[in-house]
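If you're matching positions, the sequence shown starts at 37 in this note's numbering and goes up one per residue. Glycine included, C-beta positions come from ideal geometry on N, C-alpha and C. Being a predicted model, the structure only gives us computed values, none of them experimental. Notes follow once the structure below has been shown.
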Amino acid sequence: MSQIERLRIPGDPEWEAASAAVSDAYFPHELSPRDAGGNALYVDVAVTVLGPLRIARIGWGAEVAIHSDHPGAYGINVPLGGVLETSVAGTSVISTSGLATINPPDTPAEITRWSSTCTIVGVKIDRDFLQREACRVTGRPDTTIPEQLDLHSPEGASWFRLVRSIAGQPADDPLLANPLIAEQLAGSLTDAFLLAAVPDDPAEHTRPQPRIVTRVLDAMRADPARPWTAADMA
37 MSQIERLRIP GDPEWEAASA AVSDAYFPHE LSPRDAGGNA LYVDVAVTVL GPLRIARIGW
97 GAEVAIHSDH PGAYGINVPL GGVLETSVAG TSVISTSGLA TINPPDTPAE ITRWSSTCTI
157 VGVKIDRDFL QREACRVTGR PDTTIPEQLD LHSPEGASWF RLVRSIAGQP ADDPLLANPL
217 IAEQLAGSLT DAFLLAAVPD DPAEHTRPQP RIVTRVLDAM RADPARPWTA ADMA
């Protein structure tokens with residue numbers, strides 16, 4: 037089965053159908069449209085599945101609010117435009133283009149405002165997979181993940197370019213359909229996220245970064261305009 041699914045709901049005005057499609061693509065949730073007279077005609081959803089990690093593009097086409105506990109996985113929401121206002125475990129996080137909201141697993145999160153012009157790229161990473169990678173990358177079993185990531189930083193920008201490059205692969209890409217390649221790419225994306233999100237510890241400067249992540253990020257920084265493929269990054 038292809039690792040990339042395009043989920044669209046053309047001509048279906050029902051919010052229930054749209055919510056079900058987004059739940060299948062990303063996280064189960066409770067949806068509250070802000071405009072009682074609105075409909076789901078402009079909802080657009082696409083998802084790329086890489087084993088323990090998936091990349092979803094979600095746009096509601098109307099202002100909504102959402103509740104989710106993000107069961108079993110981290111949810112990293114990156115607005116491409118508009119505004120995303122979230123209460124994460126009681127902490128208010130407001131993200132616009134260039135910022136990412138990080139939702140921890142199994143923790144109540146309230147998106148109090150998902151603006152009508154806000155389409156997100158959401159990255160879902162299995163909790164156990166991320167924690168295992170965090171221990172390997174940082175050498176610390178108690179790595180703290182922040183509530184927000186600045187994508188203007190060199191590391192954050194490189195990670196997000198990598199995310200969008202993989203999500204932009206054709207739906208019939210044979211490499212992404214290969215479980216071995218998908219798992220390797222999931223590891224590279226997770227490691228790159230950790231290197232961008234986890235505060236630098238001066239005592240750890242001698243710890244080598246995962247070789248494949250270093251190679252991919254260095255190459256993408258050197259040639260950011262290149263249309264990177266899954267084969268280039270594997």
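| Item | Value |
| --- | --- |
| Stretch pair the region 145 to 163 + the region 82 to 95: three plus CB contacts closer than 8 Å | yes |
| Inter-residue spacing [alpha-carbon to alpha-carbon] between ALA233 and PRO210 | 31 Å |
| Among LEU231, GLY117, HIS65, nearest to PRO144 - alpha-carbon criterion | HIS65 |
| Cα-Cα separation between ILE112 and TRP51, rounded to whole angstroms | 23 Å |
| Local conformation of ARG200 per DSSP, three classes | helix |
| Check whether ASP178 and ALA109 have beta carbons under 7 Å apart | no |
| Beta-bridge partners of LEU89, as assigned by DSSP | LEU86, ILE161 |
| DSSP state of GLY74 mapped onto helix, strand, coil | coil |
| DSSP three-state assignment for ASP227, whether helix, strand or coil | helix |
| Delimiting residues of the beta strand (DSSP E) encompassing ALA109 | 109 to 115 |
| Residue closest to GLY117, alpha-carbon to alpha-carbon, out of ALA125, VAL124, ALA136 | ALA136 |
| Close-in-space but distant-in-sequence residues of the same chain around PHE196 (CB under 7 Å, 5 per side omitted) | VAL114, LEU187 |
| Contact belief for ARG172 with GLU99 at Cβ below 8 Å, rounded distance in angstroms | With 8 Å as the limit, ARG172 and GLU99 do not qualify as a contact, their Cβ atoms being about 41 Å apart. |
| In DSSP terms, what THR155 is bridged to | GLY95 |
| Pairwise C-alpha distance: PRO141 and LEU89 | 13 Å |
| Cβ separation of ILE147 and LEU185, assumed to be a contact under 8 Å, to the nearest whole Å | Not really, about 17 Å apart at Cβ, beyond 8 Å. |
| Backbone CA spacing between ARG243 and PRO235 [nearest angstrom] | Confidence is the limiting factor: at ARG243 the pLDDT is only 47, short of 50, which leaves the residue's position unreliable and the question unanswerable from this model. |
| C-beta atoms of LEU212 and ALA203 nearer than 7 Å | no |
| First and last residue of the uninterrupted alpha helix (DSSP H) at ALA283 | Examination of residue 283 is not possible in this model, given that the chain is present from 37 through 270 alone. |
| CB-CB length for PRO215 against GLY87, believed under 8 Å | 7 Å |
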